[in-house]
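Worksheet: one structure, shown below.
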Amino acid sequence: QVEQVKLLDRFSTSNKSLTGTLYLTATHLLFIDSSQRETWILHHHIAAVEKLPLTTSGCPLVIQCKNFRIVHFVVPRERDCHDIYNSLLQLSRTAKYEELYAFSYNPKQNESEQVKGWQLIDLAEEYKRMGVPNDYWQLSDANRDYKICETYPRELYVPRTASKPIIVGSSKFRSKGRFPVLSYYHKNKEAAICRCSQPLSGFSARCLEDEHMLQAISKANPSNRYMYVMDTRPKLNAMANRAAGKGYENEDNYSNIRFQFVGIENIHVMRSSLQKLLEVSGTRGLSVNDFLSGLENSGWLRHIKAVLDAAVFLAKAIAVESASVLVHCSDGWDRTSQVCSLGALLLDSYYRTIKGFMVLIEKDWISFGHKFSDRCCQLDGDPKEISPVFTQFLESVWNLTEQFPQAFEYNEAFLLQIHEHVHSCQFGNFLGNCQKEREELKLKEKTYSLWSFLLAEQKKYQNPLYNPDFSPDLTLLEPNTVSFNFKFWRNMYHQFDRSMHPRQSMFNLIMNTSEQNKQLEEDIKELEAKIKQRNGQSDVVLEKEQEQTARPVPVALKSPPCFQKEPPPMPVNDAVRTIEGSNTADNRYSELVSEFSKAEPAVVSLEYGVARMTC
Amino acid sequence: MEFAELIKTPRADNVVLHRPFHLAVEGTLCLTGHHLIFSSRRHDNAEELWLLHSNIDSIDKRFVGSLGTVVIKCKDLRIIQLDIPGMEECLNIASSIEALSTLDSVTLMYPFFYRPMFELLEDGWSSFLLEQEFELLSSVTNEWRLSCVNKEFSVCPSYPPIVVVPKCVDDDALRKVALFRHGGRFPVLSYYHKKNGMAMLRSSQPLTGTNGRRCKEDEKLVNATLRSGRRGFVIDTRPLTVAQQARAKGGGFEQEVHYPQWRRIHKYIERFNILQESFIKLVEACNDQSHNMDRWLSKLEASNWLTHIKELLTAACLAAQCIDREGASVLVHGSEGTDSTLQVTSLAQIILDPRCRTIRGFEALIVREWLQAGHPFQQRCAQSAYSNSKQKWEAPVFLLFLDCVWQIHRQFPCSFEFNEQFLIMLFEHAYASQFGTFLGNNENERAKLKLPQKTMSLWSWVNRPEELCRFQNPLYEANSLVIWPSVAPQSLQLWEGVFLRWNRPSRFLEEAEEERIHIIKYNKELQARVNALRRRLAELEAEEEDEEEV
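Those sequence lines, one after another, are chains A and B. So for the first sequence, full-length UniProt numbering puts the first residue at 1; every next one is plus one. So for the second sequence, full-length UniProt numbering puts the first residue at 1; every next one is plus one.
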């Protein structure tokens with residue numbers, strides 16, 4: 001505990017600050033300012049801590065978080081600052097899974113609720129929903145004991161004609177044994193999205209079993225005999241891989257394939273791209289042109305567009321040509337996960353529902369071994385393994401929600417919350433790198449599942465504009481991927497910088513109004529029932545009839561009589577609707593601001609982002 | 001001149017109309033004196049397109065065999081293409097359109113021929129009189145007076161006949177001050193901040209010249225707006241160097257020695273020709289669908305449009321800040337005081353004055369701070385982003401202002417009575433309209449053209465309930481506070497409703513907007529029903545009680 005610590009505003013030009021007390025707990029860093037507002041920062045969220053040179057007011061400490069929050073403290077005494085710095089360094093670097101927050105987090109759920117939470121998403125159910133197993137596809141037990149591929153799930157769907165020797169042979173010809181398996185099956189077109197890793201082809205090697213495997217996939221599609229093989233890497237990268245005995249499919253060796261490079265960059269390029277983006281967006285007093293050129297130089301939006309373009313290509317091959325598609329990159333767990341899941345999202349409206357989106361993540365990301373632990377740096381490890389691959393996926397989805405505001409059951413808050421918890425290590429879902437590892441950690445017994453918590457508060461995540469009939473079952477969502485459609489995701493990268501957000505949120509207003517509408521509908525039912533009842537009492541003959549008609553709304557009768565209530569308050573969080581007197585000092589209107597430093601009216605800015613706890 | 005002389009081929013059949021995101025339609029093309037009319041021949045779902053010739057910014061023609069193609073680029077930024085069979089017909093039509101869209105004489109423009117099909121409820125020409133505005137003002141302060149010194153437009157040709165000035169300055173002094181200011185634009189009241197009695201004045205640059213001329217009456221006039229012992233701020237919309245250079249041409253700025261109570265701040269806002277270039281570049285970037293991401297971002301950056309937005313918003317916020325937070329009076333001017341000056345004063349009022357965020361208040365603001373204040377609409381809006389000719393008077397000064405209003409609107413979506421469509425409508429009518437409101441460069445010219453007698457006012461049409469309902473913001477709730485927008489680049493956005501309007505499919509966005517409006521309206525309905533039911537129930541209960549008592 002350190003007192004008299006100052007929290008500086010990241011973008012303010014006047015050195016306005018909040019003074020308060022800093023606490024370190026086992027799991028969180030907590031700052032309570034003089035007006036008792038709390039800022040909680042989970043240790044696992046801390047990406048970097050930096051001690052800046054001593055100033056006259058104290059020792060500055062800058063903490064960068066994985067959810068893009070950046071806080072700037074000034075600690076009066078250097079010694080304290082040093083202590084905090086060291087403790088945070090230690091606390092934010094965890095060596096063992098068992099020390100992660102998920103293992104100590106206790107949300108007061110009983111055991112059966114915990115079990116239920118983990119059973120919420122059932123992938124076998126999901127494959128059944130897609131229509132497999134069927135005449136062409138079956139469940140394979142080849143990987144039941146993780147013998148063929150450690151990073152795949154136990155249950156895999158493959159073409160019926162792919163025998164065990166073919167599977168084994170093919171897996172030996174693929175990086176990390178990740179042989180072609182079913183990711184999504186399109187019922188109407190009878191076409192499949194399959195995924196794998198790169199072939200170990202080198203310059204000339206071939207593998208008959210692997211060739212048979214691909215043939216089996218194309219034969220499993222009765223409506224189209226050729227299939228696409230999408231290599232999601234830039235051609236140059238794929239060619240370079242040949243020197244290491246890896247590479248890509250030779251069209252001559254495989255019958256009926258159409259080979260296609262897509263050109264999504266690798267995890268290292270993505271990592272440094274995000275780094276550049278954050279550097280630009282974090283600059284104080286940024287000019288428009290510096291922002292735009294920084295955005296351009298970071299390449300971030302170019303990468304997002306590349307991912308979405310690939311997904312559109314994939315989805316169109318299936319929806320328009322009824323062709324099956326095999327997707328791979330190098331190891332088949334980063335770009336492949338992005339493209340497969342986004343392709344399925346465009347094809348199948350189920351994945352645009354709250355539950356469906358959870359299923360999609362569970363299927364294409366968690367079960368197929370996207371290395372969440374390495375990519376999100378859950379344990380202290382190789383910094384070169386960190387990469388915002390999953391963040392890019394969420395951002396691509398966000399771009400789609402912007403273009404199709406009525407197609408998604410979930411809203412932006414849902415995407416942000418998932419992003420938050422991918423890094424929080426508070427729930428077991430995203431711990432570890434693959435299913436095998438998760439089983440060894442006994443996550444289902446020792447930790448809780450995020451999904452049940454999200455479902456419990458799903459009201460917050462519902463899109464009030466959602467129209468379930470927006471796109472009938474299995475019709476393709478066709479986004480426009482012209483460059484100007486891609487925007488900087490302010491609510492992700494400046495989620496905690498309130499001064500940059502609209503001062504009145506249209507989204508919150510619509511959300512609350514829509515919520516209130518539901519309540520009002522209930523009230524009307526209730527009132528109508530009561531009026532009917534009264535009428536019934538005054539008219540004895542009709543009494544029975546009235547009772548019967550009153551019956552369909554028993555809920556209304558149980559709840560407290562509504563007319564005694566005050567009329568429902570205006571739906572809107574007052575702070576949202578009335579302006580929190582946005583402070584002139586928050587904005588860089590003029591270099592003269594410092595001259596205008598007379599006491600400003602004490603206006604409280606609405607930083608609900610700050611008070612939000614991670615649980 | 002008869003329009004018929006210009007129309008050699010009044011009608012062509014089998015013309016095919018191409019528009020982005022629409023299927024090509026075959027139909028008949030007709031030319032009239034003021035319109036290009038296209039009508040599909042299908043009876044079931046006849047499609048018609050009426051385009052004002054004055055809305056056409058540029059026209060290109062090319063031939064493939066005898067099939068001619070005419071590409072028409074409009075001032076509202078839309079681009080359409082017409083395939084016209086027959087070389088002669090096509091050439092005739094193209095040259096007619098070219099001639100009709102570039103008529104020299106204002107009196108040949110459509111507003112002089114337009115006869116409204118609706119009943120006139122209120123004459124927009126007299127909806128926003130300065131006398132009415134002044135009545136409101138005089139209810140809170142008696143420090144100001146109406147002056148008719150410019151009645152014959154003799155003191156300042158670009159000012160209206162009536163202006164508001166400090167009470168203690170008489171008309172003779174005003175005449176002297178007018179001689180000391182560029183174009184005779186002496187300082188007048190632009191806005192009075194009721195909350196603290198501070199005033200915003202606007203004018204043109206003082207004519208100090210190289211030898212530092214001064215004018216006692218000018219000093220007296222501006223000082224009359226200061227509280228005793230307080231300072232004021234002069235916001236000069238030119239950089240210091242430009243202001244200094246202006247002295248060589250007889251212009252200049254207020255020197256500290258002669259205006260000791262005023263602090264001068266130079267806040268640079270781009271001149272009109274640079275804005276026009278920026279506008280052209282931005283539209284070019286938006287119209288090219290083939291740009292990859294890097295190219296798009298660098299084109300967007302190179303256009304500098306968003307930089308201009310940020311600069312202008314910042315200057316307006318600064319003016320508002322001086323008035324509201326510093327409790328100081330402000331004088332705004334650039335060189336002529338007809339462009340950037342008006343942008344700053346009108347935006348500052350949007351920020352400060354809740355009334356300007358209502359529909360009528362915003363209309364009044366446009367009339368007061370743009371039309372009456374002498375923004376040369378006819379010169380500035382003669383051509384839009386597709387013009388090839390290099391006339392130097394065009395500039396999207398008004399569009400930039402509207403864009404800034406849109407930016408604030410986006411940050412405070414519940415604080416404006418009007419919606420985005422209202423702003424887009426004003427943009428369209430400023431460039432091409434059936435109404436006379438935006439014709440002429442100032443009140444003087446409008447009076448000479450007899451616009452109020454000969455044409456219809458835009459406000460007569462807009463303020464009819466049938467039209468008004470399209471422009472209302474269902475989220476609006478009066479907000480009496482000052483609204484400070486964020487000017488961080490991350491908070492500013494490209495105005496898609498104008499610049500991408502014709503370049504992307506908008507159906508889903510429109511449907512979503514309808515759904516939003518539906519949610520709000522449905523909420524009001526439900527509340528009304530709940531209240532009615534509650535009353536009914538209370539009545540029933542009362543009756544019962546009565547019965548029991550009996």
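By construction, the Cβ of each residue, glycine as well, lies at the ideal position given by its N, Cα and C atoms.
Local Cβ density within 10 Å of residue i, reported as buried at 16 or more and exposed below that
i, result
"Arg79 of chain A", "exposed"
"Ile274 of chain B", "exposed"
"Asn292 of chain B", "exposed"
"Thr25 of chain A", "exposed"
"Lys565 of chain A", "For Lys565 of chain A, the predicted model reports a pLDDT of 33, less than 50, meaning its position is unreliable; a value from the coordinates is still stated below. Exposed, because fewer than 16 other Cβ atoms sit within 10 Å of the Cβ of Lys565 of chain A."
"Ser228 of chain B", "exposed"
"Trp305 of chain B", "buried"
"Gln132 of chain B", "exposed"
"Val389 of chain A", "buried"
"Gly285 of chain A", "exposed"
"Glu265 of chain A", "buried"
"Val158 of chain A", "buried"
"Asn143 of chain A", "buried"
"Tyr185 of chain A", "buried"
"Glu412 of chain A", "buried"
"Leu300 of chain B", "buried"
"Pro187 of chain B", "buried"
"Glu217 of chain B", "buried"
"Ser415 of chain B", "buried"
Alpha carbon of residue i to alpha carbon of residue j, nearest angstrom
i, j, result
"Leu137 of chain B", "Val482 of chain B", "19 Å"
"Leu342 of chain B", "Gln1 of chain A", "55 Å"
"Ser154 of chain B", "Lys220 of chain B", "22 Å"
"Tyr114 of chain A", "Leu492 of chain B", "Tyr is not the amino acid found at residue 114 of chain A; the sequence shown has Gln there. Cα to Cα, Gln114 of chain A sits roughly 45 Å from Leu492 of chain B."
"His258 of chain B", "Ala348 of chain B", "27 Å"
"Val248 of chain B", "Glu122 of chain B", "Strictly speaking, residue 248 of chain B in this sequence is Ala, with Val absent from that position. Roughly 49 Å between the two C-alpha positions."
"Asn221 of chain A", "Ala191 of chain A", "6 Å"
"Ala24 of chain B", "Leu67 of chain B", "16 Å"
"Pro53 of chain A", "Lys6 of chain A", "16 Å"
"Lys8 of chain B", "Pro396 of chain B", "34 Å"
Range of the contiguous alpha helix (DSSP H) that encloses residue i
i, result
"Phe390 of chain A", "Val389 to Gln403"
"Leu371 of chain B", "Taken as a continuous stretch (DSSP letters only), Leu371 of chain B belongs to no alpha helix (DSSP H), as it is neither H nor E."
"Met130 of chain A", "Leu123 to Met130"
"Lys345 of chain B", "Here residue 345 of chain B turns out to be Thr, not Lys, going by the sequence shown. Per DSSP, Thr345 of chain B belongs to the alpha helix (DSSP H) from Ser340 to Leu352."
"Phe112 of chain B", "Unbroken run through Phe112 of chain B: none, as it is neither H nor E."
"Thr314 of chain B", "Trp305 to Asp324"
Where the beta strand (DSSP E) containing residue i begins and where it ends
i, result
"Glu48 of chain B", "Glu48 to Leu52"
"Lys73 of chain B", "Leu67 to Cys74"
"Gln4 of chain A", "Val2 to Leu8"
"Phe64 of chain A", "Sequence check: residue 64 of chain A is Gln here, not Phe. Here the beta strand (DSSP E) through Gln64 of chain A covers Cys59 to Cys65."
Kindly provide the ranges of any alpha helix (DSSP H) runs that are 4 or more residues long and lie completely inside the stretch 169-229 of chain B, ordered along the chain. 171-180 and 216-223
Just to confirm the assignment: which complete alpha helix (DSSP H) runs, minimum length 4, are found wholly within the stretch 411-498 of chain B? 420-431, 443-448, 451-454, 458-462 and 465-468
Start-end ranges of the beta strand (DSSP E) lying completely within the stretch 167-220 of chain A, minimum 3 residues: Taking only runs of at least 3 residues, the beta strand (DSSP E) segments lying wholly in the stretch 167-220 of chain A are 181-186 and 191-196.
Report the start-end ranges of each alpha helix (DSSP H) in the stretch 410-486 of chain A that is 4 residues or longer and not cut off at the edges. Segments of the alpha helix (DSSP H) lying fully in the stretch 410-486 of chain A: 412-424, 435-440, 443-446 and 450-456.
Selection of the stretch 502-527 of chain A by Cβ proximity to chain B, strictly under 7 Å: Pro502, Arg503, Gln504, Met506, Leu509, Ile510, Thr513, Ser514, Gln516, Asn517, Leu520, Glu521, Asp523, Ile524 and Leu527
Counting only Cβ-Cβ distances shorter than 8 Å, please list the residues of the stretch 299-319 of chain A near chain B, keeping chain order. Gly299, Leu301, Arg302 and Lys305
Can you give me, in chain order, the residues of the stretch 216-234 of chain A that have a beta carbon less than 9 Å from any beta carbon in chain B? none
Which runs of the beta strand (DSSP E) fall wholly inside the stretch 323-374 of chain A and span at least 3 residues, in chain order? 325-328
Residues of the stretch 278-301 of chain B with Cβ closer than 7 Å to any Cβ of chain A, in chain order: Against chain A - using a Cβ distance shorter than 7 Å - the residues of the stretch 278-301 of chain B are Cys286, Gln289, His291, Asn292, Met293, Asp294, Trp296, Leu297, Ser298, Leu300 and Glu301.
Mind listing, in chain order, the continuous alpha helix (DSSP H) runs of no fewer than 4 residues lying wholly within the stretch 251-305 of chain A? 267-281 and 288-298
Residues within the stretch 189-209 of chain B neighbouring chain A, beta-carbon criterion of under 9 Å: none
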